[in-house]
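Take a look at the structure set out below.
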Amino acid sequence: MNPGHVLGAPIVVLNRVEKRFGDNPVLRDVSFSVARGECVCVIGPSGSGKSTLLRAINALVPISAGSIAVDGIEVNDPKLDKLALRRRVGIVFQQYNLFPHKTALDNVMMAPIHVLKENPAEVEARARALIAKVRLTGKEAAYPGELSGGQQQRVAIARALAMNPKVMLFDEVTAALDPETKKEVLVTVRELAAEGMTCLLVTHEMGFAREVADHVYFTEDGVIVEHGPPAEFFGSPKQARTRAFLDQVL
Amino acid sequence: MDGTADFFRWLAEAHRIDVSIAYDPLDRKRFLIGLWTTIWLSGVCIGSSILVGLIGAWLHGARSAAARGAVQVFVQFFRNTPPLVQLAFFYFAVSAALPPVTDRFGASVPLIDNVGWAIVSFSLFAGAFNVEIFRSGIEAVPRATVEAAESLGYTRLAAYRHVVLPLAFRVCLPALGNNLVNLVKTTTLAYAIGVPELLYAASQVWSEVFNVREMMVVLLLTYVALVAVLVHGLRRWERAMRIPGYSA
Amino acid sequence: MSALAVLLPRQPAAVGSEWGAARMPSALRSRKTIAALAILGAVWTAAAWAAAPVDRPSVLALAVKWAPLIFGGFLFNLLVSVAAMALGTAAGVLLGLAQISLLRPVQAASWAVTQFFRNAPWLVLLFFAMFLLPFEWRIGGVTVPFPAWLKAMLGLALPVLANVSEIVRGGVLSIPLGQWESAESLAFSRRQILWRIILPQAVKRMIPPWMNLYAILTMATTLISVVGIQDAMTLTRGALVAEARTDLYLPLYFMLLLMFFAYCYPIARYTQVLERRFAVRG
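The listed protein sequences correspond, in order, to chains V, H and X.
Numbers in the working numbering are just positions in the first sequence, counted from 1, shifted up by 4.
Numbers in the working numbering are just positions in the second sequence, counted from 1, shifted up by 322.
Numbers in the working numbering are just positions in the third sequence, counted from 1, shifted up by 3.
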């Protein structure tokens, strides 16, 4: 539990979301909401549609049915203002996906300058502060290829934060990292959650979910099997499938 | 300069090694004009073939299947037919099919002259290769990197400009350089339609001075030097564009 | 002409990149390309035919009349290409092996020769052979004539040998060092390693660029018309001069282009197929 702050009104609302790739359903009747300032973790076996869920919230993949609203913006609307949505939603990927031809600092500065057309001097000041925040001071001029996985992932977090998002999505951000560097990234995410940033994480880190999340969802085969506060969820899972999964990973 | 000229004059008289362009002002002028024409022709063709390549690669990414098909036909046709026949096709056949124009002396002249057709022909020929080079460069940029740009609010076009093209360009550079080197060598074909480039100038000199052997050596060395300069320039460029820790 | 891209734009394996339009399956694409070209040619011919004046033979009739002669010339181009390729490959393999010799001077000299002939324009090398080789050779007491077509073959073989040399070197170097080391640890001699272990693996990788080179050479055989040898190009010119019909220019040159296309395009497709197959198996 994260008692440090009070949860606000829902900011991300999913209602009966369906997603099919061809005949293959990936998400089936998924409904849930994330409150302002809340930290939500989604866990479940690989291939259960968790990454698709995050991509759908950011309009990187279209959904087949249902609705998704972020801060009042209807994501499934054909006339969606993608820029407005993406200013509000930051996403961090499993494979970092930094721009390899730009330095760490430039990676953080690019979008505010090119997309938001902000003043470069102000952006730079903010970017340097963000790099310091993810504990990478001194690495501003390094290229992604010169950084470790954990360092790259923290640059990616800073890059997403530079857009001043209201919600941060994390897509298995530690899955590609070794145990040592994993910790650096998880510390950064925990700090963000503690500051009251709305966070939605897809993760395999059970310890992290138990410690940081306000609410945990377990998905399998594209449906939400069970959800609840971490103490309840991990302490006394009600569904047999949840118990089977937790027995396997814990 | 005089000393050098004297040396070559002596070489011609005493040893029958006649590098006439080293001491004869007329021959030297012809040779230098030929050299300049080759450099100039290469430069123009490099520029326009890159343009052809960019337009082709862009059209190939278009939604219209007809546009993609047309690009494909263009690329395959120009890659798999002899450039010399292409040149003749343009210079003799297409030119004859176009209406002639009247020049400022009142004479009837073809719409495009031999130099013009050489530029058109070589640009399309090298451009066909460039289309494929640019296309594969763009395809080499991972989808995930583009997705990251989109998630930061970049539009398709802006993502292209700031992320895809800078990366694709680095991937392309070696193949592009290779093709441009070949383009410079291909300009010798303009000899066949009487463009006064380097090979043509050299042949004028040797048919008057009868120093084929010497001029041939000069010619080969000049081309190898031209190519070496271009390769060197491209290498430096490649090195300057290299990103630390990133292998394209 | 273009030592055109022996290192042709190798299509980087499209790793997870569906960026851009969905690509048609290659077989489909090639069939479409051929179909489009055929249609283009047919429309063109029909248009030229329809436009022909009534009292003169139609362009189509003239094209049909000259086609056998020009095709004969085209076969001569193919003959030259096969001969120059055989010659260039034999010499080029030796030069390429010299490039990976352990003897420094041999290595340096073969490298220099390779680079020189690779970077010189094909047409200049052809002139070089035509003008600087003697028209006859004395071997012992016998005088062997050296006809122009033979010199032209040698002239075309020069850039081929340089490019083959580079292909051989590149192919051998592409085999991981571990293969050499493990063979050495089994007490193979250097020669044995090269012939029994490295080359059998490397040859597979050399075949696509070698075929590519052959297609380039085939197209380059038209250069012999520039130095006065009768080939398909010369015969086309001759036919056009004989008929003195400007409306015949486009169809006849296009026909010549199509002959080369029909020969070189399948080679290019097959090269791509092989490239892909070898790329997958490593």
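From the three backbone atoms N, C-alpha and C, an ideal C-beta is built for every residue, glycine too.
Nothing here was measured: the structure is a model prediction, and the numbers come from that model.
By the CB criterion at 8 Å, R535/H and L161/X fall outside the cutoff. Going by DSSP, I47/V is part of the beta strand (DSSP E) stretching over 43–47.
The three-state secondary structure of H382/H, taken from DSSP, is helix. Scanning chain X for C-beta atoms nearer than 9 Å to the C-beta of M538/H yields V127, F130, F131, F134, L135, reported in chain order. Residue nearest to A165/X within the set F191/X, Y217/X, P148/X, S177/X is Y217/X (criterion: CA-CA distance). DSSP, read as helix, strand or coil, puts H105/V in coil. Setting aside the 5 residues that flank it on each side, A344/H is surrounded in the same chain by F330, each with a C-beta closer than 6 Å to its C-beta; the list follows chain order. Around the beta carbon of Y545/H, 16 or more other beta carbons lie within 10 angstroms, which makes this residue buried.
Membership of G232/V in the beta strand (DSSP E) is indicated by the continuous run 227–232. Where K23/V is concerned, the enclosing beta strand (DSSP E) starts and stops at 14–25. By the criterion of a C-beta distance shorter than 7 Å, A13/V is surrounded in its chain by A39, R40, once the five residues flanking it on both sides are discounted. Cβ neighbours of V517/H within its own chain (closer than 6 Å, five residues either side excluded): N436, V437, A440. Burial check for Q157/V: the Cβ neighbour count within 10 Å reaches 16 or more, so the residue is buried. Of all residues in the segment 552–570 of chain H, the ones placed with a Cβ closer than 7 Å to any Cβ belonging to chain V are I565, P566, G567, Y568, in chain order. Taking a C-beta distance under 8 Å as the contact criterion, V220/V and F237/V qualify as a contact pair.
Annotation: the continuous alpha helix (DSSP H) that includes M538/H extends over 534–563. Under the three-state reduction of DSSP output, V38/V falls in the strand class. As the crow flies, the alpha-carbon of L381/H is around 7 Å from that of V393/H. Beta-bridge pairing by DSSP links P29/V to R24/V. Considering only N501/H, V468/H, C494/H, E472/H, the residue with the shortest C-alpha distance to V486/H is V468/H. A contact between stretches requires three or more CB pairs, one per stretch, nearer than 8 Å, and the segment 93–103 of chain V fails this requirement with the segment 126–146 of chain V. DSSP places L189/X outside both helix and strand once states are collapsed to three, so it counts as coil. Taking 8 Å as the CB threshold, P66/V stays off the interface with chain H. Among the CB atoms of chain X, one or more fall inside 8 Å of the CB of Q398/H. Interface annotation, L134/V: not in contact with chain H, CB-CB separation never under 8 Å. Between L260/X and chain H, the shortest Cβ-Cβ separation is below 8 Å. Under the DSSP assignment, P148/X falls in the beta strand (DSSP E) whose first and last residues are 145–148.
Just so you know, the alpha carbons of P488/H and H105/V end up roughly 8 Å apart. Annotation: the continuous beta strand (DSSP E) that includes G70/V extends over 69–74.
Annotation: F120/X to R483/H spans about 40 Å, alpha carbon to alpha carbon.
Identification of chain H residues near G149/V by a Cβ-Cβ cut-off of 9 Å yields I565, P566, G567, Y568, S569, ordered along the chain.
Take the alpha-carbon of T146/X and the one of W140/X: they are about 6 Å apart. A distance below 8 Å separates the beta carbons of F131/X and L542/H. Nearest neighbour of K68/X by Cα position, chosen from L277/X, I210/X, L243/X, A265/X, turns out to be L243/X. Residues of the same chain with a CB within less than 7 Å of the CB of I210/X, apart from the 5 flanking positions on each side, are L277 in chain order. Short of 8 Å from the beta carbon of I72/V, and not among the five residues preceding or following it, lie these beta carbons of its own chain, in chain order: V16, V17, L18, N19, V21, A60, I61, E78, V79, N80.
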